[in-house]
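Position one of the sequence shown corresponds to residue 1 (full-length UniProt numbering), numbered consecutively onward.
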Amino acid sequence: MFSFYNHHAIEKRKVTLASMCVERARMLQDQFNASMTHVQAISILISTFHHGKNPLAIDQRTFAKYTEKTAFERPLMSGVAYAIRVLHLEREKFERQQGWSIRKMKFEPSPVQEEYAPVILAQDTVAHMVSLDLLSGKEDCDNAIRARESGKGVLTTPFRLLKTNRLGVILTFAVYKRDLPADATPKDRVEATDGYLEGIFDIESLAENLFQQFAGKKTILVNLYDTTNRSQPISMYGSEVYVDKLEHVIALNFGDPLRNHEMRCRFKHKAPLSWLAITTTGSTLVITLLLGYIVFATMNHMAKVQEEYNRMVELKKKAEAADVAKSQFLSTVSHEIRTPMHGVLGILDILLDTDLDVTQQDHVRTAQASGKTLVSLLNEVLDQAKIESGKLDLESVPFDLRAIMDDVLSLFSGKSQENGVELAVYISHRVPDMLIGDPGRFRQIITNLMGNSIKFTEKGHIFVTVHLVEEVMETTDIEREASSRNTLSGFPVPDKRRSWAGFKNIGQDGRNCSLSPDRISVIVSVEDTGEGIPQEAQPRIFTPFVQVGSSISRKQAGTGIGLSISKCLVTLMDGELGFVSIPKVWGTRGIFGSSLVCLFRDYLLEGRFLLWMTIM
1 MFSFYNHHAI
11 EKRKVTLASM
21 CVERARMLQD
31 QFNASMTHVQ
41 AISILISTFH
51 HGKNPLAIDQ
61 RTFAKYTEKT
71 AFERPLMSGV
81 AYAIRVLHLE
91 REKFERQQGW
101 SIRKMKFEPS
111 PVQEEYAPVI
121 LAQDTVAHMV
131 SLDLLSGKED
141 CDNAIRARES
151 GKGVLTTPFR
161 LLKTNRLGVI
171 LTFAVYKRDL
181 PADATPKDRV
191 EATDGYLEGI
201 FDIESLAENL
211 FQQFAGKKTI
221 LVNLYDTTNR
231 SQPISMYGSE
241 VYVDKLEHVI
251 ALNFGDPLRN
261 HEMRCRFKHK
271 APLSWLAITT
281 TGSTLVITLL
291 LGYIVFATMN
301 HMAKVQEEYN
311 RMVELKKKAE
321 AADVAKSQFL
331 STVSHEIRTP
341 MHGVLGILDI
351 LLDTDLDVTQ
361 QDHVRTAQAS
371 GKTLVSLLNE
381 VLDQAKIESG
391 KLDLESVPFD
401 LRAIMDDVLS
411 LFSGKSQENG
421 VELAVYISHR
431 VPDMLIGDPG
441 RFRQIITNLM
451 GNSIKFTEKG
461 HIFVTVHLVE
471 EVMETTDIER
481 EASSRNTLSG
491 FPVPDKRRSW
501 AGFKNIGQDG
511 RNCSLSPDRI
521 SVIVSVEDTG
531 EGIPQEAQPR
541 IFTPFVQVGS
551 SISRKQAGTG
561 IGLSISKCLV
571 TLMDGELGFV
581 SIPKVWGTRG
591 IFGSSLVCLF
601 RDYLLEGRFL
611 LWMTIM
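Dropping the structure here:
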């Protein structure tokens with residue numbers, strides 16, 4: 001058993017090491033390829049925009065700035081430099097143009113030779129290379145010759161870099177005067193060579209920075225080798241001191257077919273002893289005890305949950321009973337108060353017919369108005385109680401929609417004139433004269449919505465329209481293009497379509513699929529230019545006894561129950577109620593508003609009503 005678990009642990013350790021090594025190798029390979037590709041792109045840039053141009057399109061300042069700005073494209077490179085090919089016959093003229101002499105790698109004047117490759121453009125990080133002859137250094141010279149003959153990027157063997165004295169390699173691309181065919185001979189390539197672009201890799205520092213990004217960086221050791229000479233591999237990065245013999249090797253491809261590289265990974269520490277076999281028996285006992293405890297605890301918990309559930313069921317029953325009692329109490333009290341109030345209103349009517357002076361008549365009318373307001377509030381409370389108890393029934397009788405709209409308009413015309421607000425109603429000729437439904441509840445909903453408009457509109461207009469849904473859908477595209485100020489009073493209003501476009505009961509074509517062919521869909525819009533609904537109050541606009549602000553009930557003498565009742569009535573009529581609101585923004589031009597929409601269905605020929613109220 002010990003051997004089995006120990007072997008399993010070793011295999012798992014191998015898989016972990018391989019995974020971590022592959023991750024690092026992939027990152028190194030990808031970043032090297034990206035750097036190599038970008039160096040090749042720079043060589044093409046120089047070949048295209050530098051050679052043959054007079055004056056030169058790229059100078060040292062431009063090259064340094066460009067390479068510095070694009071350094072992120074070459075994450076593994078410490079610098080880029082470009083050297084131009086100069087023949088001995090051209091040396092004197094070239095040095096006179098540049099203002100400096102060609103130097104060897106040891107910064108001494110370059111001796112006489114057949115050709116030179118002085119650096120003329122360099123990234124700021126390797127600016128010390130300007131004027132150095134690449135052909136004077138063994139590694140650079142071999143690289144340049146191999147690069148121009150092959151036409152590909154080539155790498156040097158690892159060597160100590162100038163200035164930093166750190167281990168690195170150089171990637172070299174030849175830059176040609178003209179485009180060469182793929183089968184060009186080495187001789188043709190040498191004759192067409194115009195310069196060399198070098199990318200300097202500071203392997204030690206760049207690899208260290210790269211591997212520091214990985215999780216588990218303190219867990220494994222990473223070594224990089226140049227294995228071109230298999231018998232004498234050259235260490236490019238990493239410590240040769242290790243304590244764990246487990247090793248994972250991955251071959252790296254840096255684009256030079258003549259050079260081979262490897263990444264070797266080891267754990268920093270030896271594998272710990274496998275205590276799995278030793279502790280198996282004890283662990284089994286502990287697990288058994290834990291399972292027994294878990295079963296015991298689970299049974300106790302289930303008993304407590306059941307007890308808590310029973311208690312919650314009992315509390316729910318009590319709460320429901322209390323809610324029913326509350327509704328019954330409200331109904332009873334409201335009814336009992338309403339009965340004597342009707343008597344008081346009757347006496348006040350009789351009193352108005354008696355011989356009273358002007359002051360007395362004014363007092364009686366005030367008392368009469370207050371009584372009617374109280375009766376209206378009591379009726380709303382009774383409606384809410386009926387809705388909550390599920391005892392509210394709807395009528396199904398013929399009614400004249402135009403007559404109802406005319407009555408409601410007459411009810412509010414005096415108040416609108418007093419406020420200086422335009423009040424108008426438009427009913428499409430396509431809407432039937434007679435519909436079947438509950439005219440009282442329809443009147444109640446319209447009155448409630450128009451009442452809110454009257455309360456909160458100080459200027460502008462209140463505009464009520466009635467259309468068939470199909471009629472509205474046919475003109476949707478035209479209305480979208482119309483100006484937002486193309487309204488009754490010229491004040492802007494919100495987009496109507498947003499108020500009802502999301503209704504589930506209206507399809508994409510404006511028709512209701514659940515209605516039979518002999519039924520219609522009607523949309524009623526109540527639009528005003530009031531001050532709108534604040535954003536924070538919109539989620540609770542249909543909550544009973546909740547108002548927009550604490551001062552609303554004092555200012556507007558409301559209870560906050562009207563919209564809640566309207567929504568419930570619409571729901572009972574198998575309809576929908578929603579709204580869109582754009583509250584007023586102080587200190588800006590124009591006025592913004594909101595929309596309230598409700599859709600309900602009754603019976604034959606009445607179709608489906610969509611009450612749509614736009615509140616500015």
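Backbone N, C-alpha and C fix where the C-beta goes; we use that ideal spot for every residue, glycine too.
Segment contact flag, the segment 359 to 376 with the segment 330 to 343, C-beta cutoff 8 Å, min 3 pairs: Judged by Cβ distances under 8 Å, the segment 359 to 376 makes contact with the segment 330 to 343, as three or more pairs qualify.
Those residues which DSSP pairs with V464 across a bridge: Here residue 464 refers to the residue found at position 464 when the sequence shown is read from its first residue. Its beta-bridge partners are V425 and V526.
Sub-7 Å separation of N253 and G238 beta-carbons: Residue mapping note: residue 253 aligns to position 253 of the sequence shown, counting from 1. Residue mapping note: residue 238 aligns to position 238 of the sequence shown, counting from 1. The beta carbons of N253 and G238 sit no closer together than 7 Å.
Proximity below 7 Å, CB of Y242 to CB of P233: Position 242 of the sequence shown, counted from the first residue, corresponds to residue 242. Position 233 of the sequence shown, counted from the first residue, corresponds to residue 233. Taking 7 Å as the cut-off, the Cβ atoms of Y242 and P233 do not count as close.
Residue 621, buried or exposed, once every other Cβ within 10 Å from all chains shown has been counted against 16: Beyond the ends of the chain as shown, which are 1 and 616, falls residue 621; an answer cannot be given.
Beta-carbon proximity list for I405, same chain, < 8 Å, skipping 5 on both sides: Taking the sequence shown and counting its residues from 1, one reaches residue 405 at position 405. The residue asked about is misnamed: residue 405 is Met in this sequence, not Ile. If we look at M405 and ignore the five residues flanking it on each side, its Cβ neighbours are V425, I427, I446, V464 and V466.
Whether T50 touches I42 by CB criterion (7 Å): Your numbering for residue 50 matches position 50 in the sequence shown. Your numbering for residue 42 matches position 42 in the sequence shown. According to the sequence provided, residue 50 is His. The question's Thr does not apply to it. Taking 7 Å as the Cβ cut-off, H50 and I42 do not qualify as a contacting pair.
CA-to-CA distance, M236 to N229, given in whole angstroms: The residue labelled residue 229 in the question sits at position 229 within the sequence shown. The residue labelled residue 236 in the question sits at position 236 within the sequence shown. The straight-line gap from Cα to Cα measures roughly 14 Å.
Cut-off 7 Å between Cβ atoms - residues of its own chain near K177, not counting five sequence neighbours on either side: For the purposes of this step, residue 177 is taken as residue 177 along the sequence shown, with counting starting at 1. The answer, listed in chain order, is H51, A192 and D194.
S235, DSSP secondary structure in three states: The residue given as residue 235 occupies position 235 in the sequence shown. In the three-state reduction of the DSSP assignment, S235 falls in the strand class, which pools E and B.
Beta carbon of P75 nearer than 7 Å to that of Q31: Here residue 75 is taken as the residue at index 75 of the sequence shown, counted from 1. Here residue 31 is taken as the residue at index 31 of the sequence shown, counted from 1. Between P75 and Q31, the C-beta gap is smaller than 7 Å, which places the two residues in contact.
Close Cβ partners of V175 (< 7 Å) along its chain, the five nearest in sequence each way excluded: Walking along the sequence shown from the start, residue 175 turns up at place 175. Apart from sequence neighbours up to five positions away, the residues of its chain that approach V175 with a beta-carbon distance below 7 Å are S43, I46, S47, D194, G195, Y196 and L197, ordered along the chain.
Contact test: I561 Cβ vs the ligand FAD heavy atom, cutoff 6 Å: Summarising the ligand content, the structure contains no ligands, and the ligand FAD is consequently not present.
Closest Cα partner of S131 within the set P109, I541, Q368 and T487: Reading the sequence shown from its first residue, position 131 is the one you call residue 131. When each option's Cα is compared against that of S131, the closest is P109.
The alpha helix (DSSP H) enclosing R61, as first and last residue numbers: Here residue 61 corresponds to residue number 61 of the sequence shown, with the count starting at 1. Counting along the chain, the alpha helix (DSSP H) containing R61 begins and ends at Q60 to K69.
Under the three-state DSSP convention, the category G490 falls into: For this step, residue 490 is matched to residue 490 along the sequence shown. In this structure, G490 counts as coil in the three-state DSSP scheme.
For E247, the nearest candidate out of P534, T487, I387 and E11 (CA to CA): Residue numbering aside, residue 247 sits at position 247 when the sequence shown is read from its first letter. Considering only P534, T487, I387 and E11, the residue with the shortest C-alpha distance to E247 is E11.
Opening and closing residue of the beta strand (DSSP E) in which P398 lies: Mapped onto the sequence shown, residue 398 falls at position 398. That run of the beta strand (DSSP E) goes V397 to D400.
Beta-carbon proximity list for M20, same chain, < 8 Å, skipping 5 on both sides: Taking the first residue of the sequence shown as 1, we reach residue 20 at position 20. So the qualifying residues of the chain are F214, G216, T219, I220 and C265.
G587 to V526 span [Cα, whole Å]: Translated into positions along the sequence shown, residue 587 becomes position 587. Translated into positions along the sequence shown, residue 526 becomes position 526. Residue placement at G587 is flagged as unreliable, the pLDDT there being 25, under the threshold of 50; a coordinate-derived value is accordingly withheld.
According to DSSP, residues forming a beta bridge with N223: In the sequence shown, the residue the question calls residue 223 occupies position 223. The partner list for N223 (beta bridge, DSSP) reads R264.
I446 in three-state terms, based on DSSP: Here the question's residue 446 lines up with position 446 in the sequence shown. If DSSP states are grouped into helix, strand and coil, I446 belongs with the helices.
Straight-line gap, T279 to K318 (C-alpha atoms, nearest Å): For the purposes of this step, residue 279 is identified with residue 279 of the sequence shown, where counting begins at 1. For the purposes of this step, residue 318 is identified with residue 318 of the sequence shown, where counting begins at 1. Straight-line Cα distance between these residues: approximately 57 Å.
Beta-bridge partners of T193, as assigned by DSSP: Position 193 of the sequence shown holds residue 193. Y176.
Nearest candidate by alpha-carbon position, reference G562, set N379, K163, S205 and S416: Taking the first residue of the sequence shown as 1, we reach residue 562 at position 562. Residue N379 is the option with its Cα nearest to G562.
For D362, the three-state DSSP class (helix, strand or coil): As a working note, residue 362 is residue 362 in the sequence shown. Three-state DSSP puts D362 in a helix.
Whole-number beta carbon distance between E422 and L488, since they are thought to touch under 8 Å: Here residue 488 is taken as the residue at index 488 of the sequence shown, counted from 1. Here residue 422 is taken as the residue at index 422 of the sequence shown, counted from 1. Right, their Cβ atoms sit about 6 Å apart.
Beta-carbon spacing of F412, I454 below 7 Å: By one-based count along the sequence shown, residue 412 stands at place 412. By one-based count along the sequence shown, residue 454 stands at place 454. Closer than 7 Å, so yes.
Whether E73 touches H128 by CB criterion (7 Å): The residue given as residue 73 occupies position 73 in the sequence shown. The residue given as residue 128 occupies position 128 in the sequence shown. Taking 7 Å as the Cβ cut-off, E73 and H128 do not qualify as a contacting pair.
Beta-bridge pairing of F159 - partner residues as DSSP gives them: Numbered from 1 along the sequence shown, position 159 holds the residue referred to as residue 159. In the DSSP assignment, F159 forms a beta bridge with G168.
Other residues of its chain near R441: CB distance less than 8 Å, five sequence neighbours each side excluded: Here residue 441 refers to the residue found at position 441 when the sequence shown is read from its first residue. Within the same chain, R441 has close Cβ partners L394, E395, L569 and M573.
One or two residues paired with G199 in a DSSP bridge: Within the sequence shown, residue 199 is the residue found at index 199, counting from 1. Bridge pairing for G199: V80 and L171 [DSSP].
Residues that DSSP places opposite residue 617 in a beta bridge: The requested residue 617 is not part of the displayed model; the chain covers only 1 to 616.
R311 - DSSP class collapsed to helix/strand/coil: Position 311 of the sequence shown, counting from 1, holds the residue named residue 311. Of the three classes helix, strand and coil, the one that applies to R311 here is helix, per DSSP.
Spatial distance of A18 from H261 (CA atoms): Indexing the sequence shown from 1 puts residue 18 at position 18. Indexing the sequence shown from 1 puts residue 261 at position 261. Each residue's alpha carbon lies about 17 Å from the other.
Among L352, S410, E139 and T571, nearest to I387 - alpha-carbon criterion: For the purposes of this step, residue 387 is taken as the residue at position 387 of the sequence shown. Measuring from the Cα of I387, the nearest candidate turns out to be T571.
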